[in-house]
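Student:
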Amino acid sequence: MHHFFVEPTQICGDTIAIEGSDLNHMKNVLRIKPGESVEISDGSSNRYICEVDEYEQDSARLHICDKIQDDVELPSRIYLFQGLPKADKMELIIQKAVELGVYEVVPVVTKRAVVKLDEKKAAKKVARWNAIAEGAAKQSGRNRIPEVHDVMTFAEALEFAKSLDVRLIPYEKAEEMGTMKSAVDQIKPGESIGVFIGPEGGFEEAEIEQAMEQEIIPVSLGKRILRTETAGLTILSILMYHLECEIHNL
36 MHHFFVEPTQ ICGDTIAIEG SDLNHMKNVL RIKPGESVEI SDGSSNRYIC EVDEYEQDSA
96 RLHICDKIQD DVELPSRIYL FQGLPKADKM ELIIQKAVEL GVYEVVPVVT KRAVVKLDEK
156 KAAKKVARWN AIAEGAAKQS GRNRIPEVHD VMTFAEALEF AKSLDVRLIP YEKAEEMGTM
216 KSAVDQIKPG ESIGVFIGPE GGFEEAEIEQ AMEQEIIPVS LGKRILRTET AGLTILSILM
276 YHLECEIHNL
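Quick note: the sequence shown uses this note's numbering, first residue 36, plus one each step.
#1: Where do the N-terminal and C-terminal ends of the beta strand (DSSP E) with Ala-95 fall, by residue?
#2: Would you kindly work out how many angstroms separate the C-alpha atoms of Ser-255 and Ala-190, rounded to a whole number?
#3: Can you confirm whether the stretch 124-135 touches the stretch 167-175 when touching is taken to mean that 3 or more C-beta pairs between the two stretches lie within less than 8 Å?
#4: What is the residue span of the beta strand (DSSP E) that Arg-82 lies within?
#5: Strictly by DSSP, which residues pair up with Gly-229?
#6: With a threshold of 7 Å on Cβ separation, who are the neighbours of Met-36 within its own chain once the five nearest residues in sequence on each side are excluded?
#7: From Val-141 to Tyr-114, what does the alpha carbon distance come to, in whole angstroms?
#8: For Ile-260, which of Ile-251, Ile-252, Lys-208 and His-283 has the nearest alpha-carbon?
#9: For Glu-182, which three-state DSSP category applies?
#10: Can you give me the Cβ contacts of Ser-227 inside the same chain, cut-off strictly under 6 Å, excluding the 5 residues immediately before and after it?
#11: Helix, strand or coil: how does DSSP classify Thr-263 here?
#12: Quick check: the Cα distance between Ile-180 and Ser-56, rounded to an integer number of angstroms?
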């Protein structure tokens, strides 16, 4: 069943209006006909099974057949601060991070980042990355579409992360594997979490020192050196498992 997202303002009584690019995708790309069923999420814990009533000039009118409250979101908001990687790796990282439950993704320019984006290129990339996040959210049955922010400097990212409850930065020189376990074990559902991942080549020591000055915790992901596209997904997987176990008492 095809999956779409709407704003609460698009829901009125037992009717949902599909507008804009989703209307074109539904009508002209997927060729969904009146009478066929689709699934709608409203950005919270509500999902709707709907039947297409009719197409109007600027919208599609859907009739709500069933409302389901099924919160598939993680009990904590996880922010992935991803150092800009080369080529199209960011697309893979965003897709998989959304599948693993990330709340928002923040692309970050670091000292060892090879990629250099001017304002125009950055805007196009961010638009593309948000489209990938939307597609991954639909595919994985998320209730909301995680936002991919505009590209930030490392200093801006540190400032953005100040309000988060827990902040981690995987670092190959972190001394003990136990550091990761002890840090994760203390995280409780409902706390906001920031995860900083370096680009190819990792963070410079000066960046790690800056992060530690902001009380961001360096942690180890094991004895092997992970690629940038692997490191973030590894820690997201660990956090997803921990949080799900906490909330379900597993």
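Yeah, the Cβ is synthetic: ideal placement off N, Cα and C, and Gly gets one too.
Tutor: On the basis of the data shown:
#1: Position 60 of the sequence shown, counted from the first residue, corresponds to residue 95. Counting along the chain, the beta strand (DSSP E) containing Ala-95 begins and ends at 95-104.
#2: Here residue 255 is taken as the residue at index 220 of the sequence shown, counted from 1. Here residue 190 is taken as the residue at index 155 of the sequence shown, counted from 1. For Ser-255 and Ala-190, the distance between alpha carbons rounds to 23 Å.
#3: yes
#4: In the sequence shown, the residue the question calls residue 82 occupies position 47. Looking at the DSSP string, the run of the beta strand (DSSP E) that includes Arg-82 is 81-90.
#5: Locating residue 229 in the sequence shown gives position 194, where the first residue counts as 1. Tyr-114 and Arg-202, per the DSSP bridge assignment.
#6: Residue numbering aside, residue 36 sits at position 1 when the sequence shown is read from its first letter. Once the five neighbours on either side are set aside, the close Cβ partners of Met-36 are Ser-72, Val-73 and Glu-74.
#7: By one-based count along the sequence shown, residue 141 stands at place 106. By one-based count along the sequence shown, residue 114 stands at place 79. Straight-line measurement puts the Cα of Tyr-114 at about 7 Å from the Cα of Val-141.
#8: Taking the sequence shown and counting its residues from 1, the one referred to as residue 260 is at position 225. Comparing Cα-Cα distances from Ile-260 to each of Ile-251, Ile-252, Lys-208 and His-283, the minimum goes to Lys-208.
#9: Sequence index remark: in the sequence shown, residue 182 carries index 147 (1-based). In the structure shown, Glu-182 sits in a strand (DSSP, three-state: E or B).
#10: Position 192 of the sequence shown, counted from the start, is the residue given in the question as residue 227. Take Ser-227, set aside five residues on each side of it, and the residues of its chain with a beta-carbon closer than 6 Å to its own are Arg-112, Leu-199 and Asp-200, in chain order.
#11: Position 228 of the sequence shown, counted from the first residue, corresponds to residue 263. DSSP places Thr-263 in helix when its eight states are reduced to three.
#12: Along the sequence shown, read from residue 1 onward, the residue named residue 180 stands at position 145. Along the sequence shown, read from residue 1 onward, the residue named residue 56 stands at position 21. Cα to Cα, Ile-180 sits roughly 15 Å from Ser-56.
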